[in-house]
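Residue numbers (our numbering): 30 to 404.
The C-beta atom is built at its ideal place from N, Cα and C for all residues, glycine as well.
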Ligand SMILES: Cc1cc2nc3c(=O)[nH]c(=O)nc-3n(C[C@H](O)[C@H](O)[C@H](O)COP(=O)(O)OP(=O)(O)OC[C@H]3O[C@@H](n4cnc5c(N)ncnc54)[C@H](O)[C@@H]3O)c2cc1C
């Protein structure tokens, strides 16, 4: 079976790798793979978060992906022959006031319900675990089995593993989808036409804008801008840290090489992908509030990208009303976390035409226009 995947972010690349492992002839098309949200994300892999509240099926998918991560990362490292950037260094949540402590209590309840190992901490515990964090914590929680992944390292590893599994990466833009021919095709920016038995659209917030799509086949995927900054210094953090204070939040993901990724802004700014001084200033203010030593650290960079948001904020997976055109998009704030589960579900859908049970609530058919025509 020939498969074309449009979009080489973490979702498209991981899906391609899993499809290649299942014996399909797979080609990923992307002019700049791994450079959009998938190259910018902080890569936190938390077991819980407010966006999962009241959404049991979404929480189940996230927990499933979380459970897959250690073996996914180990297998990927072997297949790629390069590091994956996965750190299981524990997630430390710190609340700096009573209101943030209420949020912590919600996380604790979610962890209890999901059977996720965690430990509630006193201010002294927080100080002992991370002496460089601001001292006056109200409460803390440690999830020792969780952590983060450096998405830039992850996309490099996925690209190498795809190549070793026999897949191809074509660094061209999909200029037009050709969907009124027998087998679906893609016209590349330089004019070549490629055909396949299955087309997977994984182009993030550009998915519904791909030229040649019939109206209504793909729901609108809205861009939600996020900016992150990177710092380096001799003030190590041992854990992936999330802090809340005065209705604000900041998270810090230490990388294997000692750099700290600090995030993130959340903006409704259309397709603006520019780093703005305002965003950088905001993140610096937030990180200095919880990590005073940040002021003396080396500022190594800032980046901006667009989270792909579906109409209900949850991923869209599997066949559209055309069984030869599938979607893998809309992962919004948790695409890195959902990479292993998405790749597994999409490879199954590509090969068998059906999503596995855990992914079925996220089918494209929940949006009326993309529902398969009843027979
Ligand atoms: C600041 C920030 C922080 C984040 N933090 C986290 C986090 O801590 N944890 C987490 O799980 N998630 C996080 N996310 C979300 C995560 O990054 C996304 O959900 C995920 O990267 C989406 O991956 P994707 O492959 O669907 O999309 P993208 O990474 O956007 O990839 C889409 C690809 O499609 C390509 N494309 C577009 N148009 C075309 C075309 N015409 N032809 C060919 N290719 C095309 C693009 O070049 C791009 O490479 C964060 C995102 C941001 C922005």
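Check, Outcome
"Using CA atoms only, rank isn't needed, just tell me which of 264, 189, 122 and 318 is closest to residue 287.", "264"
"Is any heavy atom in ligand 3 found nearer than 6 Å to the beta carbon of residue 46?", "Ligand 3 is absent from the structure shown, which contains only ligand 1."
"Kindly identify the DSSP beta-bridge partner or partners of residue 332.", "257"
"With H, G and I counted as helix, E and B as strand and the rest as coil, what does DSSP make of residue 230?", "strand"
"Please report the straight-line C-alpha distance between residue 140 and residue 197, rounded to a whole angstrom.", "40 Å"
"Can you tell me whether DSSP reads residue 74 as helix, strand or coil?", "strand"
"Quick one, which of 56, 310, 43 and 46 has its alpha-carbon nearest residue 31's?", "56"
"For residue 327, list the residues DSSP reports as bridge partners.", "261"
"From the DSSP output, in three-state form, read off residue 21 for me.", "Outside the modelled stretch of the chain, which goes from 30 to 404, sits residue 21, for which no answer is possible."
"Closest by CA to residue 301, which one among 393, 234 and 249?", "234"
"Take residue 177 and list the residues in its own chain whose beta-carbon comes closer than 6 Å to its own, dropping the five residues that flank it on each side.", "72, 73, 74, 116, 269 and 282"
"Run through DSSP, which three-state label would residue 98 get?", "helix"
"Contact check, residue 159 vs residue 267 under 8 Å by CB: the rounded distance?", "7 Å"
"Would you call the region 355-371 and the region 312-328 touching, i.e. three or more CB-CB distances under 8 Å?", "no"
"According to DSSP, is residue 170 helix, strand or coil?", "strand"
"Taking 7 Å as the cut-off, decide whether the C-beta atoms of residue 85 and residue 145 are in contact.", "no"
"Are the region 217-233 and the region 37-44 in contact at 8 Å, needing three or more beta carbon pairs?", "yes"
"Looking at residue 194: is its Cβ nearer than 7 Å to the Cβ of residue 50?", "yes"
"Okay, do the region 363-375 and the region 90-108 touch, 3+ Cβ pairs below 8 Å being the bar?", "yes"
"Roughly how far, in whole angstroms, is the beta-carbon of residue 215 from the beta-carbon of residue 203, given that I think they are within contact range, below 8 Å?", "5 Å"
"Tell me whether residue 58 counts as near ligand 1, meaning its Cβ is closer than 6 Å to at least one heavy atom of that ligand.", "yes"
"Go through the region 153-212 residue by residue and report every complete run of the beta strand (DSSP E) that reaches 3 residues or more, in order.", "168-172, 176-178, 197-199 and 203-207"
"I'd like the ranges of any beta strand (DSSP E) spanning at least 3 consecutive residues and lying wholly in the region 338-362.", "345-348 and 354-358"
"Let me check you understand the geometry: is the CB of residue 73 closer than 6 Å to at least one non-hydrogen atom of ligand 1?", "yes"
"What is the DSSP secondary structure of residue 224, reduced to helix, strand or coil?", "strand"
"Quick one: using the 10 Å Cβ neighbour count with 16 as the cut-off for buried, is residue 274 buried or exposed?", "buried"
"If I'm right that residue 335 touches residue 252 with Cβ under 8 Å, what's the distance once you round it to whole angstroms?", "4 Å"
"Under three-state DSSP, which class holds residue 30?", "coil"
"Taking contact to mean at least 3 C-beta pairs separated by less than 8 Å, is the region 206-215 in contact with the region 252-261?", "no"
"Where do the N-terminal and C-terminal ends of the beta strand (DSSP E) with residue 283 fall, by residue?", "277-283"
"According to the Cβ coordinates, are residue 407 and residue 319 closer than 7 Å?", "Here the chain covers residues 30 to 404 and nothing more, so residue 407 does not appear."
"Check whether the Cβ atoms of residue 90 and residue 121 sit closer than 7 Å, and answer yes or no.", "no"
"Check for me: the alpha helix (DSSP H) holding residue 377 runs from which residue to which?", "368-381"
"Closer than 6 Å: is that where the CB of residue 307 sits relative to any heavy atom of ligand 1?", "no"
"Relative to ligand 1, is the shortest distance from any of its heavy atoms to the C-beta of residue 363 smaller than 6 Å?", "yes"
"Within the continuous beta strand (DSSP E) that includes residue 308, where are the two ends?", "Element bounds for residue 308: not the beta strand (DSSP E) but the alpha helix (DSSP H), 306-319."
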